[in-house]
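Numbering (this note's numbering), first residue to last: 1 to 483.
In structure tokens:
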């Protein structure tokens, strides 16, 4: 048996063990494995079990092993050229979401609808609808019930917007209100990210500009570009998309790390750049004795006020939540000028630091450090970038930080689980494409914190998610003097 044959057998064994583990978990819970052919339901106990750490780890091993077998045995030329045509997937996903196809099919039921009926409902040539849906169904997004008849499945149904389709066509501005945010995320990435991706190579030859600048022929950042009142739709869609990123993670992720219960009564959590305040609202619901200040620019803050009034009116009525976002683009002002809230218990930044290159992220963290009290804690919730190889960066300071070590897959899987964990690298490049941002390694966070006057003290990594709680406290001594 040669090396590659032995590798295939080892990967097959990983698949068998992972399937056994998942079957055992569902059998013990007396639940069926969620069906690919049925719509996704986040309230389904079987879906909740999929977030269990043991089940999630088995699923990750299963996906990683299947992907590695495919890469090993498939024709390498076809493999690489098919990857090169990946733009078709994102553009087709954007199209079906933009034209509310998923919502039309939801109303059609499990038997689906013909492309003629779908085309008539959304106002698009049915022949194009058929071609788009068949490509997606081939990748297990939608299902073709019979020739030319399509229905939703577990994956496509995640793009539902939770409104009757007729309402979605009547008011484009409010399409995403009340939705999970997944559709907004897919549309934002497909439109803005897709356009920017075309200019990656060109941007490498143009120092000082990121792909967004070239794609939209502007010197503004994405956030400055969204400032104009004519782009309120883009701002609201972006805010909803940020809610969608939370929907992709376990519902209790905010509690899988930093101990919010340890904060004293009336402690203030500043949700910096919090969008609609999804994370801080989740915290406040569980710990209503905590105060929240949600900071963002004006349009999302108005969205946030409505969201809090709907989801947690008691906190609003008691004056336990404050909304800061007074100008059209107050977030940018707040980020890069002194922080207005002093001595908060926690500065919470979820999916914020990755938006900025080191020099800009440094200013944000320095401003928070200057506003911090001695007991203030910094909680950054972002993805940690693992290496695709074995080994670690030699740094004795990193070894002393709780939770900083990289989790490694069993051989012969790639140490980082390969495509099963590719999200973080896709996010990393997306951040660069749109805003010149970056997803960081643990070492990268350590160095950034230190320069800004914060001491990285622990990292909480949770099975089943790539998001980590990266916790800092005010640094003492020389680092403080640098401020």
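C-beta: ideal position from N, C-alpha, C; glycine also.
Relative to the Cα of residue 154, the nearest Cα in the group 41, 384, 470, 371 belongs to 41.
Cα atoms of residue 436 and residue 283: separation of roughly 30 Å, rounded to the nearest angstrom.
In the DSSP assignment, residue 303 is bridged to no other residue.
Using a Cβ-Cβ distance cut-off of 8 Å, the region 217-235 and the region 250-267 are not in contact, since fewer than three pairs of beta carbons, one from each stretch, lie closer than that value.
Less than 8 Å divides the Cβ of residue 366 from the Cβ of residue 453. Closest option to residue 352, judged by alpha-carbon separation, among 245, 256, 342, 117: 245. For residue 356, there is no enclosing beta strand (DSSP E), as DSSP marks it with neither H nor E.
Annotation: residue 115 to residue 238 spans about 30 Å, alpha carbon to alpha carbon. With 16 or more other CB atoms across the displayed protein chains lying within 10 angstroms of its CB, residue 347 is buried. Note on residue 112: 16 or more other CB atoms within 10 angstroms of its CB, so buried under the neighbour-count rule. Assignment of beta-bridge partners to residue 383 by DSSP yields 467. With a 10 Å radius around the Cβ and a threshold of 16 neighbouring Cβ atoms, residue 213 comes out buried. With contacts defined by Cβ atoms closer than 8 Å, residue 90 and residue 194 form a contacting pair. Within 10 angstroms of the beta-carbon of residue 242 lie 16 or more other beta-carbons, which makes it buried.
Here the alpha carbon of residue 338 sits roughly 22 Å from the alpha carbon of residue 445. In the three-state reduction of the DSSP assignment, residue 102 falls in the helix class, which pools H, G and I. Residue environment for residue 74: exposed (fewer than 16 other C-beta atoms within 10 angstroms of its C-beta).
Under DSSP, the beta-bridge partners assigned to residue 460 are 469.
Collapsing the DSSP output to three states places residue 200 in a helix. Cβ-Cβ distances below 7 Å link residue 350 to 279, 381 in the same chain, with the five nearest sequence neighbours on each side left out; the list follows chain order. CA-to-CA, the gap between residue 259 and residue 377 works out to about 11 Å. The beta carbon of residue 170 sits closer than 6 Å to no other beta carbon from its chain once the five residues preceding and following it are set aside.
If the five residues before and after residue 357 are omitted, its C-beta is found closer than 7 Å to the C-beta atoms of 436, 437, 438, all from its own chain and listed in chain order.
In this structure, DSSP gives residue 97 a helical state, which the three-state scheme calls helix. Of the residues assessed, residue 226 falls on the buried side of the cut-off, its CB having 16 or more other CB atoms within 10 angstroms. Exposed is the label assigned to residue 87, since fewer than 16 other Cβ atoms lie within 10 Å of its Cβ. As summarised for the region 74-151, the continuous alpha helix (DSSP H) elements at least 4 residues long and confined to that stretch are 76-84, 87-98, 101-108, 115-122, 126-138, given in chain order.
In this structure, residue 441 lies near residue 384, with their beta-carbon atoms less than 8 Å apart. Counting every other CB atom within 10 Å of its CB across the protein chains shown gives residue 390 a total below 16, marking it as exposed.
Its Cα nearest to that of residue 135, the residue 96 stands out among 122, 107, 96. Straight-line measurement puts the Cα of residue 11 at about 13 Å from the Cα of residue 415.
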